[in-house]
Each structure stands twice: as C-alpha cells, then as structure tokens.
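Numbered per this note's numbering, the sequence shown spans residues 749 to 1048.
Every residue gets a Cβ at the ideal spot worked out from N, C-alpha and C, and that includes glycine.
Here the structure comes first, spelled out in structure tokens, and everything after it is commentary.
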Amino acid sequence: MTAANPSITTAQNSERALTLLAAQRRLYSDAKIIQGTRLVIAATGALGSVAAALAFPPWRTSIAIVTGLILLVIGILGSAREKRKINEGSCVQEELDGMLFGLPWNDMCADRPTTSTITTAANRLRGDRSDLRNWYPDTASVPYPMNVLICQNSNLGWGASAHRKWAATLTAAILALLAASTLIMVVGHMEVVEALIALVVPQLSLLKELYEMARSNLDTATSKASAEGKVLNLWRRGLADPAAVTITDCRAVQDKILQFRQNGASIPNWFHNRVRRRQEATMSATAQHMVDEARAHGIA
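Here you go:
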C-alpha cells in the first residue's frame, strides 16, 4: 500500500470489501448455528435421559449408555462441520485483511478462499448489511504500516472481554447443572453410583461441550490480551521511529490473529449483540487514542 492507494478507511467500504465481509459473516453464522444446534440436542438429550432414568430405575444403565453414545456421535459429526465453516470464514476474513492492509498471503497458515466460496456465502447473507460499513476505525493520516497496527490492535481488543464474559456464562451453566444434579441426588436419596449413572453420565456430552467452549474462550481472551500488548510495544517503537515498524512485523501480527480465528472460540450472535455497542465504543476510543498519540509525535 502506497500513498496513491486508497486508505484503509476508504477501501473497507469498497464493493469487494463489503462482499468479503458479508461472506465471512455468513460463514461464521453457519458455524454458530451448528454449534447452537449441537448444544440444544445435547441439552435435550441429557434432560430427557435423566427424566427417563428417574422414571424407569431398572433401565437406568442402558438409558445412560445409549443416550451418551448417541450424543457423543452427534457432537463429533457436528464439530467437524462447524470447524470447516470456521476455517472458511477465517480464510475469507484473512483475504479481506490482506487486501486492506497490503499484506502478502501466508500459504503456510491458510488456503486462499475460492471465488465461488466467497460469492455463495455473501449471497446467502440476509438482512441489513449497513453495519458492515466502516468495519475498522478511522486511522486518519497515520502513515502505513502504522495505520495497520491500529486496525490489528482493534481486532485483538474487540473480542477479548467478550470472550471472558461468555466463558464466565458457560462456567456458570456448568456449575448450575452440577448443582441441580446434586440437589436431585439428595432429595431423591440416591446412592453416589446410582446418581452418577442416572444423572451425570447422560450429561457428559453436554458438560464436555460447555467445558470445551468455556476453556477455548478463556484461552483466546488471555492470548488476545497478550498479543495486544505486543502490538502496543510495536506501536511505541513506531512512535519513536516509524521506519522501525515493517510489513513483516504486521504480517507476524496478522498470523496470530488468523490463528485466533481458526481456533474457533466463537460467541453466539445473541450474546455478541448484547455487548457489541460497548465493544464498539471501546474500540473507537482506543483507536482515536492511538491516532492522537501519532499526531503528538508528529507522524500523522
């Protein structure tokens, strides 16, 4: 990207950029739908199995084993399809960032998305697309590639707190399930082994899903915060000497961002929408602070 090329602020609202944004949103939404469906099936199966086990004591072991195996298979199959959608979405988003940031594609990290994948996904997105515009904050006159660091920092900071909040919500759900199972065991005067078979085994698939989601989101939040700190170190180095920040540095940061996206620590849309406004305000304020810093150092 040179001075003759459109700025990130302008280029992100081009037809090509908006198509890529629509495609990645549709693909990520597909993955979230699969994950949500898997959770609903696991929860319904677990509750149904517990109810059946309590209603038919002689069949408790059989009910628990059969239900557990069925839910495990469903979870494995759904997880594979979800992972494929996440990979497709992350590759499309990487295509967008590479185009906007003027970064070379890293073939070692991801396969470039095909035109058909992008077009098909973008055409499947329904609803209002106005919020796809101005995806990244305005970097004003901050020079390249320092302006890329502002956008990458926004990428990292955007999800960290949301991932923590979602991980806490999932952890609370796990504790609630275990507390409810313990209460049923006490009220029903059940032996420990009996309770494990009737109450815990049918819920293993659901508990596994919730635990893995909570752990993945918490790990992602921690890793993003660490990466954000490293980006800010790069930024400070660039404030002292803009030439010290190179495209290679930005590519290394982008590889880390891509890794986070590929790991698949997703947040459901309904939860994302609840925290979105606050996240956007924080992102804008942080970006503006970085722009002001650049101006104060005479590089913007």
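Buried or exposed (CB count within 10 angstroms, at least 16 for buried), residue i
i        : result
Pro-950  : buried
Asn-871  : exposed
Tyr-959  : exposed
Pro-852  : exposed
Ser-1014 : buried
Ile-811  : buried
Trp-807  : exposed
Ser-878  : exposed
Pro-805  : exposed
C-beta contact flag for residue i and residue j at 8 Å
i        : j        : result
Leu-952  : Gly-837  : no
Phe-1008 : Thr-968  : yes
Asn-761  : Arg-881  : yes
Val-890  : Ala-1048 : yes
Gln-900  : Val-979  : yes
Gly-826  : Leu-897  : no
Leu-1006 : Glu-842  : yes
First and last residue of the uninterrupted alpha helix (DSSP H) at residue i
i        : result
Leu-987  : 952-988
His-1045 : Premise fails: His-1045 is in no alpha helix (DSSP H) and is neither H nor E.
Glu-763  : 763-803
Arg-999  : 995-1011
Val-896  : 894-935
Thr-887  : Note, Thr-887: premise wrong, no alpha helix (DSSP H); not H, not E.
Ile-756  : 756-759
Ala-991  : Element bounds for Ala-991: n/a, residue is neither H nor E.
Ala-943  : 940-943
Through-space distance from residue j to residue i, alpha-carbon basis
i        : j        : result
Ser-755  : Ser-974  : 28 Å
Leu-904  : Ala-910  : 11 Å
Asn-895  : Arg-999  : 13 Å
Asn-753  : Arg-1043 : The predicted position of Asn-753 is uncertain, since its pLDDT is 48 and thus under 50; a value taken from the coordinates is nonetheless stated next. Rounded to whole angstroms, Asn-753 to Arg-1043 spans 22 Å at the Cα level.
Ala-1029 : Ala-888  : 17 Å
Arg-874  : Tyr-776  : 14 Å
Ala-992  : Trp-983  : 10 Å
Asp-989  : His-1045 : 10 Å
Leu-820  : Ser-1032 : 43 Å
Ile-818  : Ala-928  : 23 Å
* Asked: If you scan the region 811-872 from start to end, which runs of the beta strand (DSSP E) of 3 or more residues do you find wholly inside it?
  -> none
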